[in-house]
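K.L.:
Numbering (the working numbering), first residue to last: 2 to 90.
One structure coming up, written as structure tokens, with questions to follow.
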């Protein structure tokens, strides 16, 4: 064995254009995931009783996850409803 430290390979650096392109792609993916989750939650709520398990079966998720998305959708709707009432008052 040698006591000599290893030399590190030079690291690649992204250009500003590449950073911007990656940032935009990540934002688009994050937005798509948020829309997907909200849509699944809305459908589960719209179906009523048994809606979350139905969404879970279709998406191959756990019922708990679909229920969480439904609860998040309900909470968002309630928050938007209270904001609307505040503006009207």
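The C-beta atom is built at its ideal place from N, Cα and C for all residues, glycine as well.
Quick caveat: nothing in here was measured; it's all calculated off a predicted structure.
With DSSP run on the structure shown, which of helix, strand or coil describes residue 27?
P.N.:
Helix.
K.L.:
Considering Cα atoms alone, identify which of 54, 82, 77, 61 is closest to residue 36.
P.N.:
77
K.L.:
Do residue 1 and residue 42 have their C-beta atoms closer together than 8 angstroms?
P.N.:
Since the displayed the chain opens at 2 and closes at 90, residue 1 lies outside it and no answer follows.
K.L.:
Pick out whichever of 47, 38, 79 has its Cα sitting closest to the Cα of residue 60.
P.N.:
38
K.L.:
Could you check if residue 53 is buried or exposed, using at least 16 other CB atoms within 10 Å of its CB as the buried criterion?
P.N.:
buried
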